[in-house]
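Chains as they are written, first to last, in the numbering used here: chain A, 1 to 274; chain B, 1001 to 1274.
For every residue, glycine included, the Cβ atom is placed at its ideal position computed from N, Cα and C.
Down below is the structure, laid out as structure tokens.
2 protein chains.
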Amino acid sequence: MAENAAKKYNEIVTLGSIIHNPQMVQKLEKDGILKVNDLSEIEGRTTIIRSHGVGKEILDKLLEDNVEIVNTTCPYVSKTQEYTQLLGKEGYQVIILGDKNHPEVIALQSYSDGKTIVVKDAAELPKNKKYDKTGVISQTTRNIEDLQDLVKALLPRCKELRIMNTICSATTIRQEATLELAKNSDLMIVIGGRNSSNTKMLAKISAKFIKTYHIEVAEEIEKEWFNNVENIGITAGASTPDWIIVEVYNKIIEYLGNREQKVTNIEEIPGFKE
Amino acid sequence: MAENAAKKYNEIVTLGSIIHNPQMVQKLEKDGILKVNDLSEIEGRTTIIRSHGVGKEILDKLLEDNVEIVNTTCPYVSKTQEYTQLLGKEGYQVIILGDKNHPEVIALQSYSDGKTIVVKDAAELPKNKKYDKTGVISQTTRNIEDLQDLVKALLPRCKELRIMNTICSATTIRQEATLELAKNSDLMIVIGGRNSSNTKMLAKISAKFIKTYHIEVAEEIEKEWFNNVENIGITAGASTPDWIIVEVYNKIIEYLGNREQKVTNIEEIPGFKE
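What follows is the structure in structure tokens.
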């Protein structure tokens, strides 16, 4: 969407990083899509709403200012915003499972009428507090176990508990695949932005089973990692562009001394799964 | 309520056992409150609705027939019926955690517009089935752990999960007190109807920790139970009348050879808690 918009509009910016992948953000800058961090920097230019969404008050301000908008908010994130709004309107105490510093969560909170509570896990819940009607929303990139733990802890304290399972199914599938891959590998390489929530989660899941490196680009790879290693697993975050994955694969192949097996396309990587 | 109603009305019946305590039901029969099992047996007499409630279609029929009603449905059970109706109306697949043969659960199911699913635990859930909007209701006398397990199992399968925590707080308090007592006793006596769901649950909780006897009346007690036993814990179901508890206590005192410690009132029992 961003690349198409760049062809259509001469002057175009994204409000915050469009995705949490610095290399992709750099590439888009070359296409003329600049990143601004604040409404005041937009100066009437067409504005791309990042995949993580923006707060309600920001969207309202953009509309009020008649700014041309290209909305690339992930559909899963939009649903999360809708649900937060619905629960707030219906008088639920909204509890968000997520990272309170993540743009998705910051934006999300603005959609509730009432005050929201953000916790990264069940242990962060206010102690001994009882709730009447409680709504639970999850940041789209959390894993289901954390949501299950939170709900288990809330259940005895709430008269009513309404949970919107807003975990992105693509995220869940990727997490499950990563878990399987990690179990069957001697080493795991997880590729993606160091600020990417879903990539960090993949690295965390993988590291439970096997030695895991979280990298952003091929240049970070060290030859020594592959000493005495037979099965190498590679996975990547939702926002990691294919070209970086190909570069990583080729770098590994190079270090393993099989230059002739290099690929030009992600689908050529042995065992590739979308 | 039943005893007062018996004074007011000459001809009075209960539709089903008013509570799950055979001795109490017998006592009420002496007061002139007879039990009938079917609408056809009412024959115009004032009718007591049992504590577990009755199905919507039965209540409608009684109203249609202009039968005088004394409604002793437990307020917790009434709430459960209200919630089931609400969830059904709002298009939720209602899942009831409970015993499908228990009158409370049988009645409950009639309050949903849609089809309900009754499971006694998470293992009974239909395998691999995914749900959209799912509402969960618990029989009032279940324990919170079973509800937590059910919710944990449902969460990955549901887009939305709305749980009405309809576990009766009196039941929860009694279960927690029983657990504590069982931990600190060498033997537990649980008193209450063998058909009483909440009494059976107390016995189950207690038996996890220590030798436990579930009895209905003092006559069932055997002297041998108390050989080499120092701390005896006594607990009773919600529907167990005080006089039976006093009889049980006095019988135990008798077997222990301390006749002078017999009591006439439940509050005189050492360590008595409501």
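So, does the CB of residue i fall closer than 8 Å to a CB anywhere in chain B?
| i | result |
| --- | --- |
| L147(A) | yes |
| M201(A) | no |
Between residue i and the ligand COA, is there a pair consisting of the residue's CB and a ligand heavy atom that are separated by less than 7 Å?
| i | result |
| --- | --- |
| K200(A) | This structure simply doesn't include the ligand COA, nor any ligand for that matter. |
Exposed or buried, what is residue i when buried is set at 16 or more other beta-carbons lying within 10 Å of its beta-carbon?
| i | result |
| --- | --- |
| L1063(B) | exposed |
| T1280(B) | Since the displayed chain B opens at 1001 and closes at 1274, residue 1280(B) lies outside it and no answer follows. |
| K115(A) | exposed |
| A1123(B) | exposed |
| S185(A) | buried |
| M1355(B) | Outside the modelled stretch of chain B, which goes from 1001 to 1274, sits residue 1355(B), for which no answer is possible. |
| Q1026(B) | exposed |
| D60(A) | exposed |
| G271(A) | exposed |
| I1163(B) | buried |
| T212(A) | buried |
| R194(A) | exposed |
| V1229(B) | exposed |
| D1146(B) | buried |
| E224(A) | exposed |
| V1119(B) | buried |
| E216(A) | buried |
| K1273(B) | exposed |
| I1173(B) | exposed |
| E104(A) | buried |
| N1258(B) | exposed |
| I198(A) | Looking at the sequence shown, residue 198(A) is not Ile but Asn. Result: buried. |
Against chain C, does residue i count as a neighbour if the rule is that its beta carbon must be under 8 Å from one of theirs?
| i | result |
| --- | --- |
| W1243(B) | Included in the structure are the protein chains A and B, with no chain C among them. |
If contact means a Cβ-Cβ distance below 8 Å, which residues of the segment 144-168 of chain A contact chain B? I144, L147, Q148, V151, K152, L155, P156, C158, K159, E160, L161, R162, I163, M164, N165
Could I get the ranges of all uninterrupted beta strand (DSSP E) runs contained in the segment 72-151 of chain A, with 3 residues as the minimum, in chain order? 93-97, 116-119, 131-138
Tell me the start and end of each unbroken alpha helix (DSSP H) in the segment 1012-1056 of chain B that is at least 4 residues and wholly inside, in chain order. 1022-1030
Quick one: which unbroken alpha helix (DSSP H) runs of 4-plus residues sit fully inside the segment 159-224 of chain A? Chain order, please. 169-183, 197-207
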